[in-house]
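For reference, the structure is listed below as structure tokens.
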Amino acid sequence: MKKFITFSLLFSAISICSYAQQKYEYAIDLMHIINDQVAVTLTTPAISQESTVFSFAKAIPGSYARKDFGRFIVNFEAFDKEGEKLKVEKLNKDQYRISKANTLSIIKYRVNDTWDQKHDDFIFQPGGSNIEAGVNVVMNNHAFYGYFEDYKKLPIEVTITKPQDFFGATHLDVEHPSANLDVIKAKDFVYLADNPVIYSRPDTTSFYVGQSKINVFVFSATGKVKSAQVAGYLKPIAASLNAFFKGLPVKSYQFLYYFEDPKKALADRKNGEGGYGALEHNYSSLYYLPEVDYEKRLISMVNDVSSHEFLHILTPLNLHSFEIENFDFTDPKMSAHLWMYEGVTEYFAHLIQLQNGLVDEKGYFKEMRDKMNSAEEFGNFSMTEMSKRVMEDSFQKKYSSVYSKGALIGFALDMFIRQKTGGTKDLKSVIISLTQKYGPSKPFNDDEFFNDFVAASHPDVRQFVDKYIIGSETVPYGDYLAMVGYEYAASKDVQSYYPGKMGLKFENNAFVFMNVGDNPLKVKEGDIFKKMDGVEVTQSNVDDIWDNYFNENTKHPEIEITVLRDGKEKTMKGPIFDGHFKTKNYLAPMASPSAEQQAALKNLEGK
């Protein structure tokens, strides 16, 4: 919202001109980090008020939770032009009131990192900050810088003193006046906060997809993961997204990866604190992931999380409400449409992998079943109400349902639109048509969005929205899965075979049995898994073998396992335990799908 004062045309012109010259001039020092704290100095814009409030972010876009980044600010001081201290009153965790603000010239404080602090209400690593002197600085800008409540839209300039061998990876434009100095400029605090930076020794790889440049930065704690390696994983995903969009809607995009040593990661956290994952931004995304030796698992992890975050260039970048466009870091107002921002994005992330052969049909529907099991844990509730009230504790607990329940809503809505329009429209075409109506700089009205959505799809979509998105009814999965020839049952008794208690880990380039208990074939702790029924166990087939013989074995009452024990191969063969188990959300291809169902499945797969 803009406020105008109309005393005279001359006065207005002068005040606007003066306002345009105002800016925040930050300086930070990464050369002299003490106790994981970075010193920050702000040369302030001229303040006309006698008293002013300086704020740090209470919440940030994409996290949908109150985190109070002001908790990590220490030794906050304000000075006038003569270097005299001004009176500062701390109003709450995130705000300071400064007296005699019309004489204010300098603010100084120190920033604590969020990763290493042991505290309640831990901040999810991709949204926080890490400060390791001489090693790396993960600089989510909302964790380092603040703003005056009455001067939110002023431009910001940050001068960064850094070690010569440090490189700042970011989507922001960075000037390099000298080897030890970087200068970053942003049009305002919102843009600065939307573009994180990681400083460390450089490991970067870039490639083009169509007309879009994709930049990949990697920090790997023990050096196991390289940017060229990750870029290789991303190229098929980027090509798939390019085909999905018929050209990416951004000129460039920055992937920022922090791969942590899994022996260290999360080890000192309380239950539920932090976790692996990523946080999206409009033109970049920041990842906190474990270093994984088993490359197939590493590829799968990178593909799953990166495709989701990258897809946010569709929504909310190109389709979002006023609440997102004008995000209030101090008093955030939430949009009702997390079901779309996160749920539909998650649905598309897996659909794109299916359509481009990055996952097969079996893997795709296994993921869907996993989401059904996860969604059940949250119970029934309105997705729009949860979205609007997500900052409240009772609804915050339901937030992660967007990745399960929200994605399932996306699948069902896609099937519903295809059916109602005779295949002339689908969820993707509806969303893209709405991005063309709105776009990155034209937000929609939160309360009116469903009218637009129904108009762009089909009148009957209103019934779906009222029941399953605004309403709290559970989507009838079976109805929509049947459209593509899949049988569904909420619960089913299944004949199964069980080889006994045991797990598997990847260690020293081998698959090793672990946590071994009673088992009929006498597999021992530490045995190296070599063959199953005579088939060599490899990185490419081990997941299928484990699913078919260990997790849900419905076909093999007798098996043969070959292990390496004390340097010698040993083969064990015989019957295993049998019984029945009751499986939730049973999902399997129909024995005899109709031609229409087969065609619908092929259409879903993009064939």
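Numbering (mature numbering (1 follows the signal peptide of the UniProt record, and there is no 0)), first residue to last: -20 to -1, 1 to 587. The beta-carbon is built from N, C-alpha and C at its ideal position, and this holds for glycine as well. From a predicted model like this one, the values you see are computed outputs, not experimental measurements.
Could you tell me which residues DSSP puts in a beta bridge with K165?
E137
Let me check one thing: in DSSP terms, what residues is Q17 bridge-paired to?
I14, N92
Alpha helix (DSSP H) segments (min. 4 residues) lying fully within the region 169 to 210
169 to 173
Of all the options G586, L299, L10, which has the alpha carbon lying nearest to the alpha carbon of Q416?
L299
Rounded to the nearest angstrom, what separates M395 and D340 at their Cα positions?
19 Å
Proximity winner among V410, D130, Y379, relative to D432 (alpha-carbon distances):
Closest option to D432, Cα to Cα, is V410.
Look up Q577 in the DSSP assignment and say whether it is helix, strand or coil.
helix
Residue from A219, N160, L278 whose Cα sits closest to the Cα of Q209:
L278
Element boundaries [alpha helix (DSSP H), containing F391]
385 to 400
Measure how close the beta-carbons of Y233 and F290 come, nearest whole angstrom, since I'm counting them as under 8 Å.
At roughly 7 Å, the Cβ-Cβ gap stays under 8 Å, so Y233 and F290 are in contact.
Between S180 and V196, is the Cβ-Cβ spacing less than 9 Å?
no
Leaving out the 5 sequence neighbours to the left and right, which residues in its chain are closer than 7 Å to V230 when beta-carbon positions are compared?
S192, Y263, I293
So does the region 552 to 572 actually touch the region 533 to 543, counting three or more Cβ pairs closer than 8 Å?
yes
Relative to the alpha-carbon of P439, which residue among T364, I194, L393, K422 has its alpha-carbon at the smallest distance?
L393
Looking at C-alpha atoms only, which residue of D446, F486, E303, T325 is the closest neighbour of S424?
Residue 424 is actually Phe in this sequence, not Ser. Nearest of D446, F486, E303, T325 to F424, Cα basis: E303.
Distance check for K47 and K132, CA to CA, integer angstroms please.
When rounded, the separation of the alpha-carbon atoms in K132 and K47 is 20 Å.
Any beta strand (DSSP E) of 3 or more consecutive residues that is wholly inside the region 479 to 548:
483 to 487, 490 to 494, 508 to 512, 538 to 545
Determine the direct distance from the alpha carbon of I389 to that of S380, and round the result to whole angstroms.
Separation of S380 and I389 (C-alpha to C-alpha, rounded to the nearest whole angstrom) is 14 Å.
Go ahead and pull the three-state DSSP assignment for residue 603.
Nothing about residue 603 can be read from this structure; the chain reaches only from -20 to 587.
Distance between A329 and L581 (C-alpha atoms, nearest Å):
Rounded to the nearest angstrom, the two C-alpha atoms are 17 Å apart.
Along the beta strand (DSSP E) that carries E271, what are the first and last residues, could you check?
That residue, E271, is in no beta strand (DSSP E); it is neither H nor E in DSSP.
What do you get for Y188, buried or exposed, if any count of 16 or more other CB atoms within 10 angstroms of its CB means buried?
exposed
Between the alpha carbons of V464 and S362, how many angstroms are there, rounded?
27 Å
Reducing DSSP to helix, strand and coil, say where M463 ends up.
coil
Whole angstroms are fine: how far does the CA of D284 sit from the CA of K80?
52 Å
I need the DSSP call for T32, collapsed to helix, strand or coil.
strand
Along the chain, which unbroken stretches of the alpha helix (DSSP H) at least 4 residues long are found entirely within the region 308 to 372?
325 to 335, 341 to 356, 363 to 368
Do I178 and V118 have their C-beta atoms closer together than 9 Å?
yes
Going straight from the alpha carbon of residue 591 to that of R545, what length do you get?
Here the chain has residues from -20 to 587 only, and residue 591 is not among them.
Cβ-Cβ separation, I87 to T24 (assumed contact under 8 Å), whole Å:
Indeed they touch by this definition, with Cβ atoms about 6 Å apart.
For residue 594, is the classification buried or exposed, using 16 other Cβ atoms within 10 angstroms of its Cβ as the cut-off for buried?
Limits of the chain in this structure are -20 at one end and 587 at the other, which puts residue 594 out of reach.
Can you list, in chain order, the residues of its chain whose CB lies under 8 Å from that of K65, leaving out five sequence neighbours each side?
E57, A58, F59
Residues that Y263 bridges to, as DSSP identifies them:
Paired residue(s): none; Y263 is not in a bridge.
Assuming I53 and V91 form a contact by the criterion Cβ under 8 Å, report the distance between their Cβ atoms to the nearest whole angstrom.
6 Å
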